[in-house]
Each structure stands twice: as C-alpha cells, then as structure tokens.
Amino acid sequence: MEYHFNLPASKDEIKKLKIRDVIYVTGKIFTARDEAHHIMLEKEKIPFNPSEMALFHCGPLMKKDKSKWQVVSAGPTTSSRMEIFEDKFLEKFGTNIIIGKGGMGERTEKALQKFTGVYTAYTGGAGALAADKVEEVLGVYWLEELGMPEAAWIFKVKEFGPLVVAIDSYGKSIYKELKK
Amino acid sequence: MNIKDLEDGIVELIRKAETDLPKDVVDSLKKAYEVEEGVAKTQIEAILKNIDLAKKSKRPMCQDTGIQTFFVSVGIDFPHIEILKDVIVNGVKKGTKEIPLRPNTVDPFTGENHNDNTGDQLPYITWDFVRGSNVQITALPKGGGSENMSKLGMLKPGVGIKGVKDFVVEEVIKAAGNPCPPTIVGVGIGGGADLSLKLGKKALLRPVGQRHKDKNIAKIEEELIKRINDSGIGPMGLGGKTTVLDVHIEKAHRHPASLPVGIAVQCWADRRSHMIINSDGSWEVK
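Chains as they are written, first to last, in the working numbering: chain A, 6 to 185; chain B, 31 to 316.
Here it is as structure tokens:
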C-alpha cells in the first residue's frame, strides 16, 4: 500500500503501516547522526520539538547562498550506528517515524512496538533526489560544535519519499525476515 | 606550467566523479532495473532518477562525497613531478568550495575538521611511476558507509581457495544493506595484510562487467557474483535479486604461512573519473 502523510503522523496512521508499504511525508523533519543523538539525549532541554517531526539519519551536504542555507545533497546515512541510542531517543522525544538506510536491530524494533513508531528506508545514496524534496531549511543546531554532517538540520519537506516501511509497529522487520 | 589551471583540472576531475557516474555502472544498474520487481525495483528506480538529476544539475549524487582518493601514475619524463602533490591537495581544497563537497576529514583525537577535505595523510594518494612523459590520475571518492564494511581475513592457507570464496560470500552477506547495495566488491588475495586490502581497493578501479584476464580467476568472480546475489539481500538490503553489480579479484603472491584476503566494498555510487596531464601542462578529464 502507498500512503501520503502530513507530519506529525497520528498513532492511527502509524498503526495502519505494515512492512513493505511505501509512504511519502510532508512537513518537518530533523537530521540526527551519532553526535546529535548523543547531545540530544544528554541535554535536559533542546531548542526544537522533535515530537512533531520525523527523524532523518542524514549528514547532509549544505551550502550557504547569501545568508540562506540550501541543501545540495541529502540522502540517508547508515542507521545501524544509531542502534545504541534509538530506544532511549524514541522514549524521550516521542518521534514516531525514523528515516534511514540499512536497517536497525532488536532494541529499536522493540521500542517501535512499545511507542508505536515505524522505521522507513530511503534509498541510500539518492542524495540529489532527496534534496529536491526539501522546500526550505528551517534551522540548524550545534553546527559550530559538530560540523555540517553531524549537526541537527530542520527541513521542511514536501512528498518526501518513497520511504519503504522496513520495521513496523508490530515488531515485523524486512531485515529480520531476510536474515532467516 | 600553469599551476592554477592544473588545480582547476583537479576540481573538474572530482566534479566529474561526484556528479556523473561511469557508463558501465549506469548500464549495469539499468539491467538490474529490468530484472527486479516490487520494493527492489523502487530502489533501483530512485537510484537511476538520482543519477540523472545529479548529472543534469551538476550536483554530487550522494551527500557523502567521500574521502578524496587518487591513484596517480607518473611518467618519469614528466617535467614537473615536484608540483603534483600540491596541485592535488589544492585542487581538493578548491573543489570542496566550488562543487561543493561535504567536509569529511576529522581529526580522530580532537574531532577538528579543516572543512576542506584535507588533513593528516589526506587526500589519500597512491603513487606509481611508469615510463613516459604524461601523468594519469584516477579519482575514486570513497564513502564511509561502504568503507565501514571492509574486511581483512588472515586465513589459514589450508582452507584454500574454497575458504577464500566462503569468507567473501559470508562477509558480504553479513554487511547486508549497510554498504548501499547493489555494491561492487573488490577482493585482494595474497601479499600481506595491508597489500591484500590495497589490492581489494585497486580492484574497484576495473569497470563493472570486465572479468579478470586469467580465466580461472574470472570464473571465481562469476561464482561469487552468483552466490552473493542468490542470498536475496537485494538493493538496500530490502530483498531482491541484485546485491552486487560485480566482484573483482586481484592477487599477489603470498607468504607460505599466510593467506590474506582483503575485501573492499563500493556502494552503487561507484564514482570514478580519469585525468591525463600532458608534459606541456594541458589536461583532459573523462
């Protein structure tokens, strides 16, 4: 099945999704890799509201045109690096859509089940295509400390996808199935 | 010799690699599109659209523009060998701004990033000296996701070539969706630990679809392609028929007690470009 969601997605919308469904999302997403996960878990207060956005495992290539940031290329990064953080992250921030590549492990699977979320796969390396779906760069946090790839970037996206539901909220995972 | 012009040549070399995938890779992906269905087909379709968009808009196809890696073959009669290293390093700095490239070089101790894709030992340049008066440079920007799936096996010689084959198949299957399949796998067999890995990386320079000139090794390459693709990992590890586009083997003689196997993995974005610098300083990128 194919779905088009406005973000944030409701619990009912997430529950509709099964592995191999394809979704396109419109709304706000934020990027976070290893370092941003680390910082966000440590800080008591963070300057934006992750619960209204999808989490994108991505270290984008950006450029500044006159004082305004533009996305040049922004495909997903390898999600398995974030496995050590993700269950705590989902619990703390209530994010219910993860966008990444390569899949995640059992801890994240269980957390997605517990907090009703999905992990979706965006085609790795398709950075130019992804950048085309970003309408606006709404902000960036921790750019000075972490540098361009590791900073948290907030994007306004339109019809961002195709995102393949690879782990659903019922504990099913394409990656787990293929391992058998 | 116009040094500025040569640096611009290096920028063009990197731009070509980052924005325009070699025809052999694109053709192979198109073939994969024909045989795949369902989710796997959607992945290859997105890859092909992305390649097209990157080429038309002259934008890096992947946000991970890689560690800048060059293989340089220097003709010993080239009149200005002494400027080559600086030309490459300065070309990388310029290209980072002009193309642009993601700043990808980080100090492992301090986390410091010069923001120009240079640093200790980087860009990574392999020098080779040959007869002649021109210089040939191949660029192979190498992404982190695929590089993280590299493997070194110091096998016991007793396991033989069967053991080598099993090791490669097992490791590529273990890597699953992480290196952005369909990948190209370079396998270096023999030498020592470092040489086997180096040969694995050098094997990635061979065009997709081109077999080893030794017929027996060519057969082993074909066997490995089949065995890995039979795993069903598929594009992006989401299931399908195409897990590798190709497997290339290179070999060196080995110590009687050692059987090193180095595996280098390249994502579908098998970015390569080539430059010739003539003795008069004129250059061409293709």
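We put the CB at the ideal spot given by N, CA and C, even for glycine.
Quick caveat, the model's predicted, so the values are computed rather than measured.
- For Thr-126 of chain B, there are no C-beta contacts with chain A under 9 Å, since the nearest C-beta of that chain is about 10 Å from it.
- Residue state for Glu-280 of chain B is assigned as strand, using DSSP reduced to three classes.
- Cβ-Cβ separation between Thr-213 of chain B and Trp-313 of chain B: approximately 31 Å, too far for a contact (criterion under 8 Å).
- By the neighbour-count criterion, in which 16 or more other beta carbons inside 10 Å mark a residue as buried, Gly-107 of chain A falls on the buried side.
- Listed along chain B is no residue with a C-beta nearer than 8 Å to that of Lys-48 of chain A; the closest approach is about 18 Å.
- A direct Cα-Cα distance of roughly 29 Å separates Lys-172 of chain B from Glu-67 of chain B.
- Beta-bridge pairing by DSSP links Thr-168 of chain B to B:Phe-101 and B:His-304.
- One finds Gly-68, Val-69, Leu-268 and Gly-269 in chain B with Cβ atoms closer than 9 Å to the Cβ of Arg-25 of chain A, taken in chain order.
- Interface with chain A (8 Å Cβ-Cβ cutoff): Ala-62 of chain B is excluded.
- With a threshold of 8 Å between beta carbons, Ile-179 of chain A makes contact with chain B.
- Boundaries of the alpha helix (DSSP H) around His-42 of chain A: 39 to 47.
- Excluding sequence positions up to five before and after Ala-116 of chain A, its CB lies within less than 6 Å of the CB of Asp-92 and Leu-95, all in the same chain and listed in chain order.
- Contacts with chain B (Cβ-Cβ distance below 9 Å) from the segment 110 to 136 of chain A involve Ala-126, Tyr-127, Thr-128, Gly-129, Gly-130, Ala-131, Gly-132, Ala-133, Leu-134, Ala-135 and Ala-136, listed in chain order.
- Put simply, the backbone Cα of Thr-125 of chain A is about 5 Å away from that of Ala-171 of chain A.
- At a cut-off of 8 Å between beta-carbon atoms, Leu-289 of chain B makes no contact with chain A.
- Put simply, the segment 101 to 118 of chain B does not touch the segment 135 to 148 of chain B. Fewer than three CB pairs are less than 8 Å apart.
- Close to Ala-41 of chain A, with beta-carbon spacing below 9 Å, lies no residue of chain B; the smallest spacing is near 14 Å.
- Here Ser-85 of chain A really is in contact with Met-109 of chain A; their C-beta atoms are around 6 Å apart, less than 8 Å.
- For Asp-38 of chain B, the CB contacts under 8 Å within the same chain, skipping 5 residues up- and downstream, are Gly-121 and Lys-124 in chain order.
- In terms of Cβ geometry, Val-30 of chain A and Leu-12 of chain A form a close pair [threshold 8 Å].
- By the 16-neighbour rule on beta-carbons within 10 angstroms, Arg-161 of chain B is exposed.
- Of all residues in the segment 73 to 99 of chain B, those with a C-beta nearer than 8 Å to a C-beta of chain A are Gln-73, Ala-76, Ile-77, Lys-79, Asn-80, Leu-83, Ala-84, Ser-87, Arg-89, Pro-90, Met-91, Cys-92, Gln-93, Asp-94 and Thr-95, reading in chain order.
- In the three-state reduction of the DSSP assignment, Leu-131 of chain B falls in the coil class, being assigned neither a helical nor a strand state.
- In this structure, the alpha-carbon of Val-142 of chain A lies about 21 Å from that of Ala-14 of chain A.
- Judged by DSSP secondary structure, Asp-158 of chain B falls outside any alpha helix (DSSP H) and instead within the beta strand (DSSP E) spanning 154 to 160.
- Annotated as distal: Phe-10 of chain A and Ile-34 of chain A, with beta-carbon spacing of 8 Å or more.
- For the segment 41 to 129 of chain B, the continuous alpha helix (DSSP H) assignments of 4+ residues that do not extend past its boundaries occur at 53 to 65, 68 to 87 and 114 to 128, in sequence order.
- For Ala-79 of chain A, a Cβ of chain B is located within less than 8 Å of the residue's own Cβ.
- For Pro-290 of chain B, the uninterrupted beta strand (DSSP E) segment begins and ends at 289 to 296.
- For Gly-183 of chain B, the pairing in a beta bridge is given by DSSP as B:Val-291.
- Between the alpha carbons of Lys-115 of chain B and Lys-50 of chain A lies a gap of roughly 48 Å.
- Remark: three or more beta-carbon pairs, one from each stretch, lie closer than 8 Å, so the segment 140 to 160 of chain A and the segment 43 to 57 of chain A are flagged as touching.
- As computed with DSSP, Glu-7 of chain A is found in a beta bridge with A:Val-27.
- Between Pro-153 of chain B and chain A, the shortest Cβ-Cβ separation is not below 8 Å.
- Met-153, Pro-154, Pro-167, Val-169 and Ala-171: these are the residues of the segment 153 to 176 of chain A whose beta carbon lies less than 7 Å from some beta carbon of chain B, given in chain order.
- For Pro-237 of chain B, the closest of B:Lys-86, B:Val-65 and B:Arg-301 by C-alpha to C-alpha distance is B:Arg-301.
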